[in-house]
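A short write-up of the structure that comes next.
4 protein chains.
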Amino acid sequence: MTIDAIFEATIQVLLANGLEAITTVQIADRAGVSVGSLYQYFPNKRALLAAVVQRHVGEVVDATIQACRAAHGTDIREMCAAMMSAFVDAKTRRPEVSRALYLPSAAVNADAIVREESIRCAQAVQQMLVTACDASFTQAPLVSRILVGSIVAPTRAAIEAGGDRGDFERLKLHLTALTVGYLREVSAK
Amino acid sequence: MTIDAIFEATIQVLLANGLEAITTVQIADRAGVSVGSLYQYFPNKRALLAAVVQRHVGEVVDATIQACRAAHGTDIREMCAAMMSAFVDAKTRRPEVSRALYLPSAAVNADAIVREESIRCAQAVQQMLVTACDASFTQAPLVSRILVGSIVAPTRAAIEAGGDRGDFERLKLHLTALTVGYLREVSAK
Amino acid sequence: MTIDAIFEATIQVLLANGLEAITTVQIADRAGVSVGSLYQYFPNKRALLAAVVQRHVGEVVDATIQACRAAHGTDIREMCAAMMSAFVDAKTRRPEVSRALYLPSAAVNADAIVREESIRCAQAVQQMLVTACDASFTQAPLVSRILVGSIVAPTRAAIEAGGDRGDFERLKLHLTALTVGYLREVSAK
Amino acid sequence: MTIDAIFEATIQVLLANGLEAITTVQIADRAGVSVGSLYQYFPNKRALLAAVVQRHVGEVVDATIQACRAAHGTDIREMCAAMMSAFVDAKTRRPEVSRALYLPSAAVNADAIVREESIRCAQAVQQMLVTACDASFTQAPLVSRILVGSIVAPTRAAIEAGGDRGDFERLKLHLTALTVGYLREVSAK
DNA sequence: CATGAATGAGAGTTCATTCAT
DNA sequence: GATGAATGAACTCTCATTCAT
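Chains as they are written, first to last, in our numbering: chain A, 11 to 199; chain B, 11 to 199; chain C, 11 to 199; chain D, 11 to 199.
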């Protein structure tokens, strides 16, 4: 509960002040706790930022993985559509949170989290792809990583451009087209 | 000349210490100049980082744009292949530079540069796409942005994974497949 | 208490090093606190100096005003004698403090304080003068300001000349003569 | 000529930026010379400021002394009127210059100049007073110093209040009244 | 356990002064 | 003699972290 408040406060301060100007005292103040308490839950500022990023990215990846699992055995288009829907929905559920977290995500240490979560996601994608009923892949690991990578930046661009629901739905369609087209191109069948 | 030394020093220190630990004195020392001189050329640290990012990203975008122009009037596959080749080559000419600059690129202020350069690139892509001999697009602007966005993250992943020339050549093929597939999917023809 | 220590330290450093050489670290050191603590109480160095001046000048003006009030209704000579006594006593209670504070008093920002306190003092003088039993003034505001102004520099000169109690008592007599003579000259009666 | 330009530039920068923000480069720029040249004429910044103050204060004191000499043998009122007229005229010939120079005058080193010039002025006053045809003084040195001191602050206040010619003429009358009254009070005759 | 005043290392930045051209 | 880029010591101020209460 306190941790949740701290997480939320971190996001708010990040949105208000940016990554460079954020301070532990500010975060604690906005969370309604003392700095001392903050340090009871996190060993240092870096760990706090990492945890916030971890949770957010983890949630998005979890949602995407779940969609991937549910799509096992279907065809390429269905797989891609399901995955894009889950990914974009999860990422844009609270667009301002995503926007706030793009900054610390790149900061030292936190980008390792992003990298690892991307790998976790790519693995689920790979496991899904091999079950596709209308395609097969000789370089499934690489294909999965390309696929996951390719959808990140367009989504970020849409969020930072301040897109609305309609934009995000359109984004889903294009990401589906992007990934379906790719998989067709590299499918062995 | 002094400015070049400062740019190079910034990249070196960034690679050695990361974004959080970089200091103006360190940069000046490694560039073989005094801090005072550094401040003669850049109003502040942020501006220096922004300039370094600007130059790097600008070069990559310039190279990509040039390839786009040269490919006007060809077919989709040739366009994508040419563009991917130029982009990946420019971005991986000195992989460690690219790797160093991913950090400040996300830092406040510098990400605006990245955003603008992306737009500049997307415009050139759009101008190329409308000349394609084997496809036509109803939503060229969106398609261009998606296309540019989709190739950024996979390339970054390849660089950060410490890929070699072979990996980068393979990357080109996949990015070509990715974009060709996408354009086929969304082509009106 | 900490604030008092900082005030006292500021005066000591000012006496030892002058206005140009004073640093926040020095002040903090001599006050036995850390620079950080100093900045917990004062937003910046300028504000600290201003506060020190404010307190000193405020005390002197308060003492003078009190004497003015007590002298309401008396004659000119008694008024001047009472006021000069209070002013010189307050200003020379710790001559070295006064001497130390002449420097920042002129520094930007702090001289505004001196100006305002002078005005406050002049108003009290004016209110006193209009009750004089042996004189009346047609330009009371101007007369009050001249009067307050005229006693400042001679007192400063006496302090900076390193005067002793005897000098200060002699100063009182002369300031009294100065102001009494003036008031007689400009009295309408 | 160059020195004059530097003096004038110093005053301009002082008026524009205050004492704390003044820099040698700024002064040189505004004077239309290089910093190097500035250092050809003055060993350091402090000496430059001191010279500017010296010249201004010296001029005022010179004018006042001249008036004192011309008034030898006259009566108290004529002496005071002549002196006040010369002093106020000299000090308010270019009010903004006086205003600009109040700041460095208090800064370390330059206030010694002010002190010495005050003494020089007081000596001329003393030499004048002993020739007064209608008064004699037992403590001429002290009286002279008080007299000189008493007129400084009211004049400064008038200048800083942005007074016009009319205000300055009124000031002369009051300073004359102030000093005449004083001299009458302390005259032995 | 919570608090938040105190700490102080360290960062960015300035600017008087120099000296090669 | 004039120039102004280069220097780097030194300053102000910040803020992650601690620990006595």
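Built from N, CA and C at the ideal position, the CB exists for glycine as well.
Q. Near Ala5 (chain D), which residues of its chain fall below 6 Å by C-beta distance, leaving aside the five closest residues on each side in sequence?
A. Within the shown structure, residues of chain D are numbered from 11 to 199, placing residue 5 (chain D) beyond reach of any answer.
Q | Counted within 10 angstroms of its Cβ, other Cβ atoms place Ser44 (chain A) as buried (16 or more) or exposed | A | So Ser44 (chain A) ends up on the exposed side.
Q) Do the stretch 131-149 of chain C and the stretch 135-153 of chain D meet, that is, are 3 or more Cβ pairs less than 8 Å apart? A) no
Q) What are the boundary residues of the alpha helix (DSSP H) that includes Gly14 (chain D)? A) This sequence places Asp at residue 14 (chain D); Gly is not what is there. Where Asp14 (chain D) is concerned, the enclosing alpha helix (DSSP H) stretches over 12-27.
Q | Inter-stretch contact at 8 Å, needing at least 3 Cβ pairs: the stretch 83-94 of chain B / the stretch 108-123 of chain B | A | no
Q) At a CB-CB cut-off below 9 Å, which residues of chain A make contact with His66 (chain B)? A) Within 9 Å Cβ-Cβ: nothing; His66 (chain B) doesn't reach chain A, min ~15 Å.
Q: Output the distance between the C-alpha atoms of Pro164 (chain A) and Asp72 (chain B), rounded to the nearest integer angstrom.
A: 21 Å
Q: Could you list which residues in chain B have their beta carbon closer than 8 Å to that of Pro164 (chain A), in chain order?
A: Arg155, Ile156, Gly159, Ser160
(Q) Check for me: the alpha helix (DSSP H) holding Ser108 (chain A) runs from which residue to which? (A) 105-116
Q: Kindly give me the distance between the Cβ atoms of Ser160 (chain D) and Leu188 (chain C), rounded to whole angstroms, as I take these residues to be in contact under 8 Å.
A: About 6 Å; that satisfies the 8 Å criterion.
(Q) Distance cutoff 9 Å, beta carbons only. Does Glu30 (chain A) sit that close to anything in chain B? (A) For Glu30 (chain A), the answer is yes, since a Cβ of chain B falls inside 9 Å of its Cβ.
Q) Taking buried to mean at least 16 other C-beta atoms within 10 Å of its own C-beta, is Ile82 (chain B) buried or exposed? A) The question names Ile, but residue 82 (chain B) in the sequence shown is His. Under this definition His82 (chain B) is an exposed residue.
Q: Alpha carbon to alpha carbon, how far is Glu127 (chain A) from Gly68 (chain A)? Give it in angstroms, no decimals.
A: So the alpha carbons of these two residues sit roughly 7 Å apart.
(Q) For the pair the stretch 93-100 of chain C and the stretch 176-194 of chain C, tell me if three or more CB-CB distances fall below 8 Å. (A) Under the three-pair Cβ rule at 8 Å, the stretch 93-100 of chain C counts as touching the stretch 176-194 of chain C.
Q: Determine the burial state of Ala26 (chain D): buried for a count of at least 16 other Cβ atoms within 10 Å of its Cβ, exposed for fewer.
A: exposed
Q: Starting from the beta carbon of Glu126 (chain B), find every residue of chain A whose beta carbon is closer than 9 Å, and list them in chain order.
A: Those do not exist, as Glu126 (chain B) stays about 12 Å from chain A at its closest Cβ, beyond 9 Å.
(Q) Helix, strand or coil for Ile32 (chain C)? Go by DSSP, reduced to three states. (A) coil
**Q.** Phe97 (chain A), enclosing alpha helix (DSSP H) - first and last residue
**A.** 86-102
Q.
For a quick check, are the C-beta atoms of Phe17 (chain B) and Ala57 (chain B) less than 9 Å apart?
A. The beta carbons of Phe17 (chain B) and Ala57 (chain B) sit no closer together than 9 Å.
Q.
What I want to know is whether the C-beta of Val135 (chain C) ends up closer than 8 Å to one or more non-hydrogen atoms of the ligand MG.
A. Inclusion of the ligand MG in the displayed structure is not the case, the ligand content being empty and no account of it being possible.
**Q.** Where Gln76 (chain C) falls: helix, strand or coil (DSSP)
**A.** helix
Q | C-alpha gap between Ile13 (chain B) and Ile32 (chain B), whole angstroms | A | Rounded to the nearest angstrom, the two C-alpha atoms are 17 Å apart.
Q) Within 9 Å (strictly less), CB to CB, does Gly173 (chain A) reach chain B? A) No, Gly173 (chain A) does not count as interfacial toward chain B.
Q | DSSP state of Pro164 (chain C) mapped onto helix, strand, coil | A | Looking at Pro164 (chain C) - three-state DSSP - the assignment turns out to be helix.
Q. Does the Cβ-Cβ distance between Arg194 (chain C) and Gln137 (chain C) come in under 9 Å?
A. Not closer than 9 Å, so no.
Q | Cβ pair Leu152 (chain B), Arg180 (chain A) closer than 9 Å | A | yes
Q. With a Cβ-Cβ cutoff of 9 Å, do Thr102 (chain A) and Ala168 (chain A) count as a contact?
A. Between Thr102 (chain A) and Ala168 (chain A), the CB-CB gap stays under 9 Å.
Q.
Measuring straight from C-alpha to C-alpha, what distance separates Pro105 (chain D) and Asn54 (chain A)?
A. 59 Å
Q: Return the residue from the list D:Ala198, D:Val63, D:Ile21 that minimises the CA-CA distance to Arg125 (chain D).
A: Scanning D:Ala198, D:Val63, D:Ile21 for the CA closest to the CA of Arg125 (chain D) turns up D:Val63.
Q | Neighbour-count burial assignment, Ala122 (chain B), 16 or more Cβ in a 10 Å radius | A | exposed
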